[in-house]
Amino acid sequence: RDTALSAMQLMADKNIGLLVVMEHRTIVGVLSERDCVRRLVLAGKSPEATSVADIMVRNVVKADIANSFVDCLKLMHEHQIRHLPVIENDDLVGVISVRDLLSEAVAHHARVISELERERLTMLTSTA
């Protein structure tokens, strides 16, 4: 029985904002920093005496490894979540965050802009 305090310490040690709670290789919940603040601190509960199971979110929104960038973004937007566990054949393979998606979008747009600039230079030099 893991306590909220040990979960928060693990998040701090790993510099992560979400833990996926597993039981026998099955996802049974998630616990975010936000959950800890709202369901623990603001509720006046003791981190040492409160179990993770008492404050975790049980209805976990997940993405399949085959889901696209847009699929993941839609899931996160629709459910107002910042982290998304990713599964393959019911096994957890990772967690993506909205920050991960934002970084990918920025990198994609930088590549597109670079390609457009290259095309523009090619057109300018071929017409000169």
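Count along the sequence shown from 1, add 2, and you get the number used in our numbering. All C-beta atoms in this analysis are idealised placements derived from N, C-alpha and C, irrespective of residue type, glycine included.
Check                                                                                                                                           : Outcome
Less than 8 Å between the C-beta atoms of P49 and A6, yes or no?                                                                                : yes
What span of residues does the beta strand (DSSP E) with V93 cover, start to end?                                                               : With the sequence shown as reference, residue 93 is identified as Asp, and Val is not the correct amino acid for it. Here the beta strand (DSSP E) through D93 covers D93 to S99.
Between which residues of its own chain and L103 is the CB-CB distance below 6 Å, once the five residues before and five after are set aside?   : L75
Compute the beta-carbon to beta-carbon distance between L86 and I57, rounded to the nearest angstrom, for a pair I have assumed lies under 8 Å. : Between I57 and L86 the Cβ distance is about 20 Å, and since that is not below 8 Å, they are no contact.
Check for me: the alpha helix (DSSP H) holding M58 runs from which residue to which?                                                            : Per DSSP, M58 belongs to no alpha helix (DSSP H) and is neither H nor E.
Skipping 5 residues on each side, what residues in its chain have a beta carbon closer than 7 Å to that of T52?                                 : T5, A6 and L42
Who are the Cβ neighbours of F71 in its own chain at under 7 Å, not counting the five residues just before and after it?                        : L103 and E106
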